[in-house]
Amino acid sequence: MGLSFEVKESDLLGRIGTLQVGGKTLETPYMFPVIHPVNQLIHPSELLSMGFRGLMTNSYILRKRRRDEALEKGIHRLLEFDGMFITDSGGYQVLEYGDLDVGYRDVAEFQAAIGTELAVTLDRPTGYPQRRPVARETVEYSLKNARGTLAEFGDRPTAWVGPIQGGLYQDLVKRSAKALVAAGFGILALGSPVQVMENYMFADLVDMVIAARRAIPYSVPLHLFGAGHPLTMPLAVALGCDTFDSASYVLFARTGRYMSRSGILTLQSMKHLPCSCAVCSKTSVKELLELDHPGRTRALSLHNLHVLREELEGCKEAIVEGRLWDLVEERSMTHPRLRDAFARLAEYSEDLEAGTPAMKERGLFVRSDLDLRRPELAMAARRLAGAARRSSKKAVIVEGHGLGSPKRDADAYVVHPQLGPVPAELSFQYPFSQTEAALAQGAGDAAGAKRRLRELGYSSVSAGGKVRSRRSRRGGSPSPRSSSARSR
Ligand SMILES: [Zn+2]
60 MGLSFEVKES DLLGRIGTLQ VGGKTLETPY MFPVIHPVNQ LIHPSELLSM GFRGLMTNSY
120 ILRKRRRDEA LEKGIHRLLE FDGMFITDSG GYQVLEYGDL DVGYRDVAEF QAAIGTELAV
180 TLDRPTGYPQ RRPVARETVE YSLKNARGTL AEFGDRPTAW VGPIQGGLYQ DLVKRSAKAL
240 VAAGFGILAL GSPVQVMENY MFADLVDMVI AARRAIPYSV PLHLFGAGHP LTMPLAVALG
300 CDTFDSASYV LFARTGRYMS RSGILTLQSM KHLPCSCAVC SKTSVKELLE LDHPGRTRAL
360 SLHNLHVLRE ELEGCKEAIV EGRLWDLVEE RSMTHPRLRD AFARLAEYSE DLEAGTPAMK
420 ERGLFVRSDL DLRRPELAMA ARRLAGAARR SSKKAVIVEG HGLGSPKRDA DAYVVHPQLG
480 PVPAELSFQY PFSQTEAALA QGAGDAAGAK RRLRELGYSS VSAGGKVRSR RSRRGGSPSP
540 RSSSARSR
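Counted from 1, the sequence shown has number 168 at position 109 by the numbering used here; the numbering is strictly sequential.
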C-alpha cells in the first residue's frame, strides 16, 4: 500500500502532517465528513468547495444498497468526488443487523474493488459500558480480521486502517494498538464508544487516546472514530489524533442543534446567529425556523461544517504558533466535563513533551494551577536542574533579568514565579523571561527560592541584591557572555 505520512510541525502531541495515499493528499489534522452512500443532503462537490478534500462513507451500506453500481463505477465516480475516501467496515451495522455471516474477506474485497484510498478492516466496536471478557473478544475478533485482511489484500492499492478496540480498558487498547503496529498497519483508528462521547466522558477519552498513542510509533498516524464535536477537537488534536470522521454536523442539524465555539445551541431558543458563514450571513433564526425540515437540516449542516472546519484550521494555527495548550484550555472553560478532561491531559504532561518544541517564539501564559503542568515548564525545570551551578558557596537573589552577580563571590539567581530560582544568565532565555503569570503561586516565593538554593548546596543565600547590568534587555536570545557552557 502506498501510504506516507510526514510530520511538518508539532505542539504537545498534536501535529501538522501530510497524509498521502493513492495519489491523494490531505493536510492533517483533518476531519472526514461522513456522507450517506445513498442519500446525500449536501453534494460531495459542495463539500469539496468548502475545503473538505476527503470524505468517509460506510462500505457496508454501500455494498447492501448499491453494490453493482459501486463495483462498475468505482467509489469516486459513483459519489462524484475525486478526493480521498475512507470507508468504514460497517462492523457496527454487521452487529446491529445481526448479519454475522459477513466475513472480513467480503468486506475487504468490496472496499478494494471500489477503489477507496483508506479502508477500515472488519471490526467489532467494543461499546460502553462493556464487560471485560466481551471487550477482550472484540479486540481479538477485530485483530484477527485485521491480520487476515493485510495478509490477503495487502498488495492492493487501498491502504488498510487497523481498528483499535478495547473501549475504556486501557490495557486492551494498548494490546490492540501494539498488535496492529506489529502486523504492519501504517495507519490506525481508535474506536471511541459513541456513549463515551454522548455522555461527555472526555476525561476517559483522554486516557484511551494516551493509551493508544503510547503504543504507536510517533510516525504512524492515528484516526479517531466519530469525534466531530467542535469543543473536543483541540483536545483530540493535542492528544495526537491526526484524523477524525464525523456525521455530527448532520445529526445535530436534524434536531435543530447549532454548533458554536462556546457549545451546542438550540435553534429554537436562539435569537441571533453568531456566525458569518455563507448560511448565517444571509438568513435569520426566524427564517431558518420557517424552512421545512430537510431545508433547515441542510442549512444547519452547512453551518455546522463551517464551524468544524474553522475549529480544525484554528488547531493547525495554534500548533504553528505553539499555543495548542492555550486553545485546549480556552475550550475547556465551556463545559465542566471538558475542564475535567483538561485536568486529565495535564496529568500526562510528560507524554506531551514529545512534540512540544523546547523553544517557542511566544511567551507562556500561566493562568491556572493546571498551567503549572505545561510541558514547556517541565522541560524548563529539567534544563534548570542540568544548569544548576555552584561555582561559589554563596548565592544572591537579584531582581529583574540580569547578567552577572552584584557580588563577586556569589552566584546570582532571579526568581521565576513558577520555576523558582533561575541562574541570572539564563533569565533571558525561553521560557524564563517569557512567562506571564496571572496567578502568584508556584515555586516562586522568596522563602521557597531560598530553601531550594540551600538544597543545591549553597551555605549562604542573601536576597535583595540589584542586578549588575543590562536590566532593560528582554527577549529570547541569550547574552554572548552566558550562552554557552551553562545554558544546556
Ligand atoms: Zn454559520
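The beta-carbon is built from N, C-alpha and C at its ideal position, and this holds for glycine as well.
Note that the coordinates shown come from a computational prediction; the quantities given were computed from them, not determined experimentally.
query, result
"Quick check on Ala274: buried or exposed, where buried means 16 or more other Cβ atoms within 10 Å of its Cβ?", "buried"
"In terms of residue numbering, what span does the alpha helix (DSSP H) encompassing Gln256 cover?", "Reading the sequence as shown, one finds Met at residue 256 and not Gln. Element bounds for Met256: 253 to 257."
"Hey, which unbroken runs of the alpha helix (DSSP H) at 4 residues or more fall wholly within the stretch 398 to 471?", "408 to 411, 434 to 446"
"Are there 16 or more other CB atoms within 10 angstroms of the CB of Ser391, so buried, or fewer, so exposed?", "buried"
"Within the same chain, show all residues whose beta-carbon is closer than 8 Å to that of Arg547, passing over the 5 residues directly before and after it, in chain order.", "Because the pLDDT of Arg547 is 30, which lies under 50, any placement of that residue in the model is unreliable, and the question is left without a value."
"Does the Cβ of Glu176 have 16 or more other Cβ atoms within 10 Å, making it buried, or fewer, making it exposed?", "buried"
"Give the C-beta separation of Gly322 and Ser305 to the nearest angstrom, bearing in mind that I take them to be a contact with Cβ-Cβ under 8 Å.", "Wrong, their Cβ atoms sit about 16 Å apart, outside the cutoff."
"From the DSSP output, read off the bridge partner residues of His95.", "Paired residue(s): none; His95 is not in a bridge."
"If we call anything under 8 Å between Cβ atoms a contact, is Pro216 one with Val179?", "no"
"Do Arg357 and Leu100 have their C-beta atoms within less than 8 Å of each other?", "yes"
"May I ask you to list the residues that DSSP assigns as paired with Leu324?", "Tyr317"
"Mapping DSSP to helix, strand and coil, what is Met292?", "helix"
"Would you mind listing the beta strand (DSSP E) stretches within the stretch 101 to 127 that are 3+ residues and don't spill past its ends, in chain order?", "113 to 117"
"Below 7 Å, is the gap between the Cβ of Leu332 and the nearest heavy atom of ligand 1?", "yes"
"If distances are taken between C-alpha atoms only, which option among Arg122, Leu71, Phe144, Ser521 comes closest to Asp470?", "Ser521"
"One question on the structure: do Met292 and Glu388 come within less than 8 Å of each other, judged by their Cβ atoms?", "no"
"Roughly how many whole angstroms lie between the Cα atoms of Ser542 and Ala483?", "Because the pLDDT at Ser542 is just 33, under 50, the model does not fix this residue reliably, and the value given afterwards should be weighed accordingly. Distance between the alpha carbons of Ser542 and Ala483 is about 12 Å."
"Does the beta carbon of His365 fall short of 7 Å from some heavy atom of ligand 1?", "yes"
"Starting from the C-beta of Phe111, find all residues in its chain whose C-beta is less than 6 Å away, skip the five residues before and the five after it, and write them out in chain order.", "Pro92"
"Please classify Asp182 as buried or exposed, where buried requires at least 16 neighbouring CB atoms within 10 angstroms.", "buried"
"Taking Cβ to Cβ, would you say Gly299 is nearer than 8 Å to Ser251?", "no"
"If you draw a straight line from the C-alpha of Phe140 to the C-alpha of Ser104, how long is it?", "6 Å"
"Taking the beta strand (DSSP E) that Glu346 belongs to, which residues open and close that run?", "No beta strand (DSSP E) holds Glu346; the alpha helix (DSSP H) holding it covers 344 to 349."
"Is DSSP giving Phe303 helix, strand or coil here?", "strand"
"Contact between the stretch 191 to 199 and the stretch 226 to 240: three or more CB pairs below 8 Å?", "yes"
"Entirely within the stretch 139 to 220 and at least 4 residues each: give me those alpha helix (DSSP H) ranges in chain order.", "150 to 155, 163 to 172, 191 to 212"
"Should Lys509 be labelled buried (16 or more other beta-carbon atoms within 10 Å of its own) or exposed?", "buried"
"Taking all protein chains shown into account, do 16 or more other C-beta atoms lie within 10 angstroms of the C-beta of Thr77, making it buried, or fewer, making it exposed?", "exposed"
"According to DSSP, which residues form a beta bridge with Glu484?", "Paired residue(s): none; Glu484 is not in a bridge."
"Taking just the CA atoms, how far does Ile120 sit from Glu86?", "28 Å"
"Which same chain residues end up closer than 6 Å to Ala405 when comparing Cβ atoms and leaving out the 5 residues on each side of it in sequence?", "Leu429, Arg432"
"Could you spell out the range, first to last residue, of the alpha helix (DSSP H) harbouring His365?", "352 to 380"
"Are the beta-carbon atoms of Asp160 and Ser118 separated by less than 8 Å?", "no"
"How far does the beta strand (DSSP E) with Val66 in it reach, from first residue to last?", "62 to 70"
"Verify whether the separation of the beta carbon atoms of Gly414 and Ser69 is less than 8 Å.", "yes"
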